[in-house]
Every structure is written in C-alpha cells, then in structure tokens.
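A.B. asks: First the structure, then my questions, so here it is.
Here you go:
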C-alpha cells in the first residue's frame, strides 16, 4: 500500500498516482493527473465518480504511458475515463498546458517495473 498522497511539494498543481481526497480539492487545483503504472496502490480513486466529475468540471486530463492507457481500457472500471486520458510515449518531450500562460515540459522515462511503467 502506498503512503504517497499524490502531491509533490514543488508541483502542487499536479497529482501523481492518487486520484482522491485533497487531489480533488479546489485549492490548489490539480491541473494535471499522472498515472505511473497499473498497480492498485497507485490507482486510489481512479475509478471513482468524484474523479471523473472533477475531470469534467476542471478540464484536467490524465496523462500516462500508452501501454498503461491500453491496460486501463481493457478494465470496465476505467472505460469511462477514455475521453480524459492522454497517452504519452517514453523519451519524447511533451508540453502540457496547465492554465493560461502556464505550461510544463514532461518526458516519460521507462521504469522497468511492469509493462507501461514510467517515471
């Protein structure tokens, strides 16, 4: 079981591997969500109605490796997230728009933990 609550001190506008509680609070807004891999201890709240409602209202997206996205789409608990998932490739820099005039450069690196796992 993971004790990580999803927020990094330096990047409070991101939520990583946690999709519940303070990660859905209006302040500070989570502008982007990241899933590192498909293990249940990294997917807390991912199947919740509260999470999908937050994505709809905020316009936020869930970023993950393309293999992880395909794994999610094979599980009926996550099919409702399909329109909110942005699949990414490893070793490719991506600019993610967070808010007007704010963006973040992200490059996924393979973690080697399981198929689709990244850091």
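Residue numbers (the UniProt record's numbering): 1 to 119. Backbone N, C-alpha and C define an ideal beta-carbon position, used for all residues, glycine too. Computed from a predicted model, the values in this text were never measured in an experiment.
(1) Whole angstroms is fine: what's the gap from residue 40's alpha carbon to residue 72's?
(2) According to DSSP, simplified to helix, strand and coil, what is residue 63?
(3) Could you say which of 14, 88, 22, 82 lies nearest to residue 116 if we only look at CA atoms?
(4) Taking contact to mean 3 or more Cβ pairs, one atom from each stretch, closer than 8 Å, check whether the stretch 46-58 and the stretch 88-100 are in contact.
(5) Any idea if residue 36 is buried or exposed, counting beta-carbon neighbours within 10 angstroms, 16 or more meaning buried?
C.D. replies: Inspection of the coordinates gives the following:
(1) Looking up residue 40 in the chain shown gives position 40. Looking up residue 72 in the chain shown gives position 72. Looking at the two C-alpha atoms, the distance is approximately 12 Å.
(2) The residue you call residue 63 lines up with position 63 of the chain shown. Strand at residue 63.
(3) Indexing the chain shown from 1 puts residue 116 at position 116. Checking every option, the nearest Cα to that of residue 116 belongs to 88.
(4) Cβ pair count under 8 Å is below three, so no.
(5) For this step, residue 36 is matched to residue 36 along the chain shown. By the neighbour-count rule (16 or more Cβ atoms within 10 Å), residue 36 is buried.
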